[in-house]
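Engineer:
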Amino acid sequence: MQKIKSSCIVSSAAFSVKKSIIKQYDSFNKKPPVVGDLVFGEVSAIGHHRLIESKSGRKHTLNVGTRAIFVFGNRYAPDQFEGIVPHSSQEFVELFSQGGVVGEVKTQNQMVGVTTKIKVLGYVCDNESKVINTTDYVLISSKNSARNKKGAKIILCIGTTMNSGKTHAAAACCYAISSMGKSVRAAKITGTASLKDILLMNDCGAEYVADFTYFGYPSTYLMDKSQLFNMFHTFDMKYGNNPMNYIVIEFADGIFQRETAMLLKMPEVRERISKLVFCAPDSTAVFGGIHALRDKFGLIPDAISGLCSSSPLAVREIKEFTDIPILQSMEKDYKKIYSIVGV
């Protein structure tokens with residue numbers, strides 16, 4: 009075993025693991041990696057990702073030679089990379105995200121440059137030489153598995169794809185609800201490790217925030233249904249017991265993405281939705297999204313938001329084919345937002 013300096017950067021993908029137990033690594037262990045395995049690595053070549061986000065939310069600049077704690081995981085990002093955990097031990101891996109998720113690229117957007125390369129120095133191990141895995145460290149649990157009374161009101165933000173404006177819409181909801189004197193909690197149930205989204209919701213008034221990293225997962229791509237629902241349900245049971253309160257939830261990527269589609273089809277999820285906010289970049293995407301939600305999922309959004317809501321021209325076009333209220337995510341009139349999402 010070799011020591012890891014206490015000052016070493018620990019990526020946000022390892023959020024659930026206490027930094028105090030990250031002390032050593034094994035350079036001789038060549039076992040096949042699995043989702044959640046912590047690895048001590050060194051940047052060997054700078055590519056698309058030039059920063060890494062630590063557990064504090066700080067963005068650290070990467071240089072050739074920078075050493076940090078990374079986490080094996082899968083990623084689904086249409087604007088960037090599709091990455092998976094390799095089936096065997098590798099000398100070099102690729103950095104998929106600022107959150108520190110690594111593995112090997114399966115496909116990538118042609119508009120994006122090559123990945124940042126990481127030389128694997130060894131697995132991070134505990135005092136018993138066992139590889140530390142994020143899935144063994146869960147920060148959120150609930151005493152109850154079911155409730156007999158009505159729960160908190162859930163506002164669900166979904167969209168056409170990544171970067172369609174879901175997080176800002178969710179943050180706007182948090183801001184409006186908290187400004188009205190209501191208690192709100194927020195969560196991002198799917199995606200790839202990145203604290204900035206839930207930190208924005210926290211800044212906008214959410215008293216408690218969480219995402220899948222709180223449940224020990226560096227990402228949610230290729231997870232099974234039971235794991236996905238467990239996160240949704242546990243957060244709901246932990247923070248959603250007061251019917252006077254609100255929960256704002258974001259599902260990452262678009263409605264056709266594997267995990268998002270799984271959740272939207274679950275009756276247990278659908279019956280908990282009080283308000284559905286659909287986010288899109290433009291009016292055409294709104295038109296198609298409304299029909300897709302109706303035809304594929306049997307859902308009708310209660311509000312339209314996202315990037316399109318910031319454009320007066322896009323808003324004008326949208327109003328020509330639907331009466332669904334438009335929630336302008338950059339709107340500072342919290343009463344106007346609350347009139348749309350409040351229950």
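The opening position of the sequence shown corresponds to residue 9 in my numbering, with each subsequent residue numbered one higher.
We put the CB at the ideal spot given by N, CA and C, even for glycine.
(1) Quick check: the Cα distance between I257 and E99, rounded to an integer number of angstroms?
(2) Under the assumption that A177 contacts V285 (Cβ atoms under 8 Å), give the Cβ distance between them as a whole number of angstroms.
(3) Can you pull the DSSP bridge partners for N141?
(4) Would you tell me roughly how many angstroms separate the C-alpha atoms of K196 and T228, rounded to the nearest one?
(5) Quick one: grab the DSSP three-state call for D34.
(6) Look at the alpha carbon of S153 and the alpha carbon of T242, and state the distance between them as a whole number of angstroms.
(7) Among residues of its own chain, excluding the 5 on either side of T115, which ones have a beta-carbon nearer than 8 Å to its beta-carbon?
(8) What is the residue span of the beta strand (DSSP E) that I312 lies within?
(9) Specify the secondary structure class of H68 as computed by DSSP and reduced to three states.
(10) List in chain order: all unbroken beta strand (DSSP E) runs of 3+ residues lying wholly within the segment 233 to 317.
(11) Would you report the Cα separation of K119 and P226, rounded to the nearest angstrom?
(12) I'd like to know whether the C-beta atoms of P94 and G111 end up nearer to each other than 7 Å.
(13) Mind the definition here: the segment 135 to 155 touches the segment 304 to 315 only if three or more C-beta pairs lie below 8 Å; say whether that holds.
(14) Less than 7 Å between the C-beta atoms of Y247 and R324, yes or no?
(15) DSSP puts G111 in a beta bridge; with which residues?
(16) By Cβ distance below 6 Å, which residues in the same chain neighbour A180 in space, the five residues on each side in sequence not counted?
(17) Under 8 Å by Cβ, that's how I've got T74 and L103 pegged, so tell me the actual separation to the nearest angstrom.
(18) Cα separation between L70 and I30?
(19) Are three or more beta carbon pairs between the segment 158 to 176 and the segment 278 to 298 nearer than 8 Å?
(20) Going along the chain, which residues of its own chain have a beta-carbon closer than 8 Å to the beta-carbon of R58, five neighbours each way excluded?
(21) Is it buried or exposed for F223, if we count other Cβ within 10 angstroms and need 16 for buried?
(22) Going by beta carbon distance, what residues of the same chain come within less than 7 Å of T175, once the five residues before and after it are set aside?
(23) Can you check which of these residues, I77, S96, E50 and L164, is closest to N141 by C-alpha distance?
(24) Can you give the Cα-Cα distance for L230 and L236, rounded to whole angstroms?
(25) Let me check one thing: in DSSP terms, what residues is I162 bridge-paired to?
(26) Short check: CB of I126 to CB of I281, under 7 Å?
(27) Is G107 near S202, with beta carbons less than 7 Å apart?
(28) If you follow the beta strand (DSSP E) that R193 is part of, which residue opens it and which one closes it?
(29) Using the C-alpha atoms, what's the distance from D211 back to S97?
(30) How long is the line joining the alpha carbons of S105 and V51, rounded to whole angstroms?
(31) Can you check whether the CB of Y254 is closer than 7 Å to the CB of K190?
(32) Specify, as a first and last residue, the run of the alpha helix (DSSP H) that L59 falls within.
(33) For F240, collect the residues of the same chain with a Cβ closer than 7 Å to its Cβ; drop the 5 residues on either side in sequence, then sort them by chain order.
Structural biologist: Taking the definition as stated:
(1) As a first step, residue 257 must be located in the sequence shown, where it is residue number 249. As a first step, residue 99 must be located in the sequence shown, where it is residue number 91. Taking the straight line from one Cα to the other gives about 38 Å.
(2) Residue 177 sits at position 169 when you count from the first residue of the sequence shown. Residue 285 sits at position 277 when you count from the first residue of the sequence shown. About 5 Å; that satisfies the 8 Å criterion.
(3) Working through the sequence shown from its first residue, we reach residue 141 at position 133. In DSSP, N141 forms a bridge with D45.
(4) In the sequence shown, residue 196 corresponds to position 188, counting from 1. In the sequence shown, residue 228 corresponds to position 220, counting from 1. Rounded to whole angstroms, K196 to T228 spans 11 Å at the Cα level.
(5) As a first step, residue 34 must be located in the sequence shown, where it is residue number 26. Strand, per DSSP.
(6) In the sequence shown, residue 153 corresponds to position 145, counting from 1. In the sequence shown, residue 242 corresponds to position 234, counting from 1. The alpha-carbon atoms of S153 and T242 are separated by roughly 8 Å.
(7) The residue labelled residue 115 in the question sits at position 107 within the sequence shown. The residues are F89 and E90.
(8) Taking the sequence shown and counting its residues from 1, one reaches residue 312 at position 304. Unbroken beta strand (DSSP E) run through I312: A311 to S313.
(9) For the purposes of this step, residue 68 is taken as the residue at position 60 of the sequence shown. Residue state, collapsed to three classes: strand.
(10) 254 to 258, 281 to 287 and 311 to 313
(11) As a position in the sequence shown, residue 119 is number 111, starting the count at 1. As a position in the sequence shown, residue 226 is number 218, starting the count at 1. One detail in the question is off: residue 119 reads as Met in this sequence, not Lys. Computed Cα separation, rounded: 25 Å.
(12) Translated into the one-based positions of the sequence shown, residue 94 becomes position 86. Translated into the one-based positions of the sequence shown, residue 111 becomes position 103. Their beta carbons are under 7 Å apart, which means P94 touches G111 by this criterion.
(13) no
(14) Taking the first residue of the sequence shown as position 1, residue 247 is located at position 239. Taking the first residue of the sequence shown as position 1, residue 324 is located at position 316. No, the pair does not count as a contact, with Cβ atoms beyond the cut-off.
(15) As a first step, residue 111 must be located in the sequence shown, where it is residue number 103. Answer is E102, bridged to G111.
(16) Taking the sequence shown and counting its residues from 1, one reaches residue 180 at position 172. Closer than 6 Å at Cβ, skipping near neighbours: S337 and I345.
(17) The sequence position of residue 74 within the sequence shown is 66, counting from 1. The sequence position of residue 103 within the sequence shown is 95, counting from 1. About 11 Å separates the two Cβ atoms, so there is no contact after all.
(18) Here residue 70 corresponds to residue number 62 of the sequence shown, with the count starting at 1. Here residue 30 corresponds to residue number 22 of the sequence shown, with the count starting at 1. Using only the alpha carbons, I get a separation of about 20 Å.
(19) yes
(20) Here residue 58 is taken as the residue at index 50 of the sequence shown, counted from 1. Answer for R58: T69, L70 and T124, listed in chain order.
(21) Taking the first residue of the sequence shown as 1, we reach residue 223 at position 215. The residue in question, F223, is buried, as its Cβ has 16 or more Cβ neighbours within 10 Å.
(22) To locate residue 175, count along the sequence shown from 1; it is residue 167. Result list for T175: D205, L208 and E258, in chain order.
(23) Locating residue 141 in the sequence shown gives position 133, where the first residue counts as 1. Answer by Cα proximity: I77.
(24) Counting from 1 along the sequence shown, the entry for residue 230 is found at position 222. Counting from 1 along the sequence shown, the entry for residue 236 is found at position 228. Rounded to the nearest angstrom, the two C-alpha atoms are 10 Å apart.
(25) The residue labelled residue 162 in the question sits at position 154 within the sequence shown. I162 pairs with I255 and I281.
(26) To locate residue 126, count along the sequence shown from 1; it is residue 118. To locate residue 281, count along the sequence shown from 1; it is residue 273. Their beta carbons are not under 7 Å apart, which means I126 does not touch I281 by this criterion.
(27) By 1-based counting over the sequence shown, the position of residue 107 is 99. By 1-based counting over the sequence shown, the position of residue 202 is 194. Against a cut-off of 7 Å, the Cβ pair of S202 and G107 comes out as a contact.
(28) Mapped onto the sequence shown, residue 193 falls at position 185. It spans V192 to K196 - the beta strand (DSSP E) in which R193 sits, taken as one unbroken run.
(29) Counting from 1 along the sequence shown, the entry for residue 97 is found at position 89. Counting from 1 along the sequence shown, the entry for residue 211 is found at position 203. Going from the Cα of S97 to the Cα of D211 covers about 40 Å.
(30) Against the sequence shown, residue 105 aligns to sequence position 97. Against the sequence shown, residue 51 aligns to sequence position 43. Rounded to the nearest angstrom, the two C-alpha atoms are 14 Å apart.
(31) Along the sequence shown, read from residue 1 onward, the residue named residue 190 stands at position 182. Along the sequence shown, read from residue 1 onward, the residue named residue 254 stands at position 246. In contact: K190 and Y254 (Cβ atoms closer than 7 Å).
(32) Along the sequence shown, read from residue 1 onward, the residue named residue 59 stands at position 51. That residue, L59, is in no alpha helix (DSSP H); its beta strand (DSSP E) goes L59 to E61.
(33) Walking along the sequence shown from the start, residue 240 turns up at place 232. I197, L271 and V277.
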